[in-house]
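Peer 1:
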Amino acid sequence: MIKVIDPRPSVVSQRLSGVKKIIAVTGFKGGVGKSGLSCALSLAFTEKGFKTGLFDLDFSGASDHLILGAGNLFPREEKGLLPPYAHGIKFMTASYFSSNKAIALRGASIACAIKELFTVTIWGELDYLILDMPPGVSDAAFEVMNLIPSAVLLPVQTPCGLSAEVLKRSLEVYEKGKFKIPGIVQNMAVSKEKGFYSQIFYDKKWPKAAGKADKLIKTSFYADAFRLACKLDKDGSL
Amino acid sequence: MHEWALAESVIKTLKNQKKRVSKAEVIFGKLQDIDREIFSFAIEELLKQEKDFRPVIKICEEEAVFECISCGMEFDLKKGLEDAGEKENVHFLPEMVKVFIKCPGCGSRDFEIKKGRGLSIRIKEK
Ligand SMILES: Nc1ncnc2c1ncn2[C@@H]1O[C@H](COP(=O)(O)OP(=O)(O)OP(=O)(O)O)[C@@H](O)[C@H]1O
Ligand SMILES: [Mg+2]
Ligand SMILES: [Zn+2]
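Protein chains in written order, with numbering that gives the first Met the number 0: chain A, 0 to 237; chain B, 0 to 125.
Given below as structure tokens:
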């Protein structure tokens, strides 16, 4: 009998062995602020002096390079792919490989491509690796859950009732996967509310600062994200 | 040179098999266009670090075959991917072929890579 094996998953844990903590920013609906928060957290951890990586796993909606204003970067090829630095963050994204064209792929293809990049990306030593997840519990999300069972899940939701309802159901799936979930982050908050791990308030300056890192770090969105980074860093349960 | 990272995954996978592997075939899907020389060199170097693990590894190539999900047409790589940048992108991330080429029958980008995508291992088991 002939056995056919995909060799790639065997090295993924080795590739991440120098990474102390992996935080997957999820949200179960589109547009709740996952990408913005992933970028802001990465900038905040870097500002705090941590070695930080950011991996944009939302292949079809890749936007972290636009938020950070990280055009014209490309990984260096050595014994794998070394992610280039964007504002001090080791940054990996599928947009390096798409020549500015739209990435329209089925879920199975995205899952396969995610596996490929986890196989060949050399992250080295990192204190934090932030994963910007695609919306929903999709093929891509399952792939990440399989490959990286040690990831901490940070779900984002907005005050909209529908978003909360969808999130609750999706979290059940993740909890079965035994992921650590410190709590829910409410984004675009308009008033103080209890029950959240952290609140990020609505900030009309945030969207306007996209693409300009020096402006991003002056917004109140960033200040809220910075507080969240401090809380995550102090959280002994993670 | 990221062939190294791929070669590592091959050695690790062979070592992880429950039954000791003495012979294996490594299939190169032509879409990924892995550099055979660099890959073989990496395998040699990696095996030097092993004490008594010395499997015979044979490399075979597999042509890339696509099948359009919209119209059912089967096609290959003969036309398409002329651009060096696009070729390199597909070398790193084979799925990107769907960003750069279309089905020659109906123009759809919704096609399946049926064969010859990237790296796989074949082992004979008794
Ligand atoms: N706290 C906030 N205040 C104001 N605008 C915000 C806030 N958070 C996010 N936005 C805006 O909402 C939009 C969506 O944000 P973002 O792209 O980060 O969401 P996402 O969850 O990653 O979306 P997708 O599901 O499409 O990946 C952006 O234009 C962003 O600037
Ligand atoms: Mg996003
Ligand atoms: Zn077609």
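C-beta atoms are modelled at their ideal positions from N, C-alpha and C, and glycine is treated no differently.
Predicted model, so just to flag it, every value in this text is computed and none were measured.
Count the C-beta pairs between the region 49-65 of chain B and the region 9-26 of chain B that are closer than 8 Å, then say yes if the count reaches three, no if not.
Peer 2: In short, these stretches touch, since the Cβ pair count reaches three.
Peer 1: Could you have a look at Y238 (chain A) and say whether DSSP puts it in helix, strand or coil?
Peer 2: Limits of chain A in this structure are 0 at one end and 237 at the other, which puts residue 238 (chain A) out of reach.
Peer 1: Compile a chain-ordered list of the residues in the region 70-91 of chain B whose CB is closer than 7 Å to at least one CB of chain A.
Peer 2: Residues G84, E85, N88 and F91.
Peer 1: Does K113 (chain B) come within less than 8 Å of chain A when only Cβ atoms are used?
Peer 2: no
Peer 1: Since A101 (chain A) and A23 (chain A) should fall inside the 8 Å C-beta cutoff, what is the C-beta to C-beta distance between them, to a whole number of angstroms?
Peer 2: That belief does not hold up - the Cβ atoms of A101 (chain A) and A23 (chain A) are roughly 24 Å apart, past 8 Å.
Peer 1: Among A:S98, A:L146, A:L153 and A:L42, whose alpha-carbon lies nearest the alpha-carbon of L80 (chain B)?
Peer 2: Here the closest residue by C-alpha is A:S98.
Peer 1: Flag this pair as yes or no: are the beta carbons of D138 (chain A) and A110 (chain A) separated by less than 8 Å?
Peer 2: yes
Peer 1: Along the region 93-105 of chain A, where does the CB come closer than 9 Å to a CB of chain B? Name the residues.
Peer 2: Against chain B - using a Cβ distance shorter than 9 Å - the residues of the region 93-105 of chain A are A93, Y95, F96, S97, S98, K100, A101, I102, A103, L104 and R105.
Peer 1: Are the beta-carbon atoms of I199 (chain A) and D234 (chain A) separated by less than 8 Å?
Peer 2: With contacts defined by Cβ atoms closer than 8 Å, I199 (chain A) and D234 (chain A) do not form a contacting pair.
Peer 1: With a threshold of 8 Å between beta-carbons, can K123 (chain B) be considered close to chain A, or not?
Peer 2: With a threshold of 8 Å between beta carbons, K123 (chain B) makes contact with chain A.
Peer 1: With 8 Å set as the bound, which would you pick, yes or no: does the beta-carbon of I216 (chain A) sit closer than that to a beta-carbon of chain B?
Peer 2: No, I216 (chain A) does not count as interfacial toward chain B.
Peer 1: Can a CB atom of chain B be found closer than 8 Å to the CB of K167 (chain A)?
Peer 2: no
Peer 1: If you draw a straight line from the alpha carbon of T118 (chain A) to that of E171 (chain A), how long is it in whole angstroms?
Peer 2: Cα atoms of T118 (chain A) and E171 (chain A): separation of roughly 29 Å, rounded to the nearest angstrom.
Peer 1: Along chain B, in chain order, which residues have C-beta atoms closer than 7 Å to that of E142 (chain A)?
Peer 2: Result: empty, since nearest Cβ-Cβ is about 13 Å, beyond 7 Å.
Peer 1: State the beta-bridge partners of T25 (chain A) as determined by DSSP.
Peer 2: A:P154
Peer 1: Along the beta strand (DSSP E) that carries S34 (chain A), what are the first and last residues, could you check?
Peer 2: Run containing S34 (chain A): none in the beta strand (DSSP E); it sits in the alpha helix (DSSP H), K33 to E46.
Peer 1: Just how far apart, CA to CA, sit F38 (chain B) and P206 (chain A)?
Peer 2: 45 Å
Peer 1: If we count the other Cβ atoms within 10 Å of its Cβ and call it buried at 16 or more, is G48 (chain A) buried or exposed?
Peer 2: exposed
Peer 1: State the DSSP-derived secondary structure class of N71 (chain A), mapped to helix, strand or coil.
Peer 2: coil
Peer 1: Taking L152 (chain A) and I183 (chain A) to be in contact with their CB atoms under 8 Å, please state how far apart those CB atoms are, rounded to whole angstroms.
Peer 2: Not quite, the Cβ-Cβ distance comes to about 10 Å (not below 8 Å), so this is no contact.
Peer 1: P134 (chain A) and F27 (chain A): beta carbons closer than 8 Å?
Peer 2: Yes, they are a contact pair.
Peer 1: So for N15 (chain B), helix, strand or coil by DSSP?
Peer 2: Reduced to three states, the DSSP call for N15 (chain B) is helix.
Peer 1: Taking DSSP's pairing of strands, which residues face S119 (chain B) in a bridge?
Peer 2: S119 (chain B) is bridged by DSSP to B:I26.
Peer 1: Taking 7 Å as the limit between beta carbons, can you name the residues of its chain near P50 (chain A), skipping five residues before and five after?
Peer 2: First, the amino acid is wrong: residue 50 (chain A) is Lys here, not Pro. Only E124, L125 and D126 meet the Cβ criterion.
Peer 1: Shortest alpha-carbon distance to E43 (chain B) belongs to which of B:N15, B:G71, B:S69 and B:I10?
Peer 2: B:I10
Peer 1: Would you please verify whether the beta carbon of K78 (chain A) is less than 8 Å from any beta carbon of chain B?
Peer 2: yes
Peer 1: Looking at M132 (chain A) and G32 (chain A), is the spacing between their C-beta atoms short of 8 Å?
Peer 2: no
Peer 1: Residues around ligand 3, please: the condition is that the C-beta lies closer than 6 Å to some non-hydrogen atom of it.
Peer 2: The filter returns B:C67, B:S69, B:C70, B:M72, B:C102, B:G104, B:C105 and B:S107, in chain order.
Peer 1: Residues of the region 11-28 of chain B with a CB closer than 7 Å to any CB of chain A: list them in chain order, please.
Peer 2: Of all residues in the region 11-28 of chain B, only K11, T12 and N15 come within less than 7 Å of chain A when Cβ atoms are compared, listed by chain position.
Peer 1: Following a CB-centred definition, is I199 (chain A) positioned closer than 7 Å to any heavy atom of ligand 1?
Peer 2: Checking every heavy atom of ligand 1 against the Cβ of I199 (chain A), one is found closer than 7 Å.
Peer 1: Answer yes or no: the CB of N145 (chain A) versus the heavy atoms of ligand 1, is any distance below 7 Å?
Peer 2: Checking the Cβ of N145 (chain A) against ligand 1 gives no.
Peer 1: Kindly give me the distance between the Cβ atoms of I113 (chain A) and G79 (chain A), rounded to whole angstroms, as I take these residues to be in contact under 8 Å.
Peer 2: The Cβ separation is near 16 Å, so there is no contact.
Peer 1: Verify the CB distance criterion: does A4 (chain B) have a CB-CB separation below 8 Å to chain A?
Peer 2: Interface residue, yes.
Peer 1: Have a look at G104 (chain B) and V96 (chain B) and give me their C-alpha separation to the nearest angstrom.
Peer 2: 16 Å
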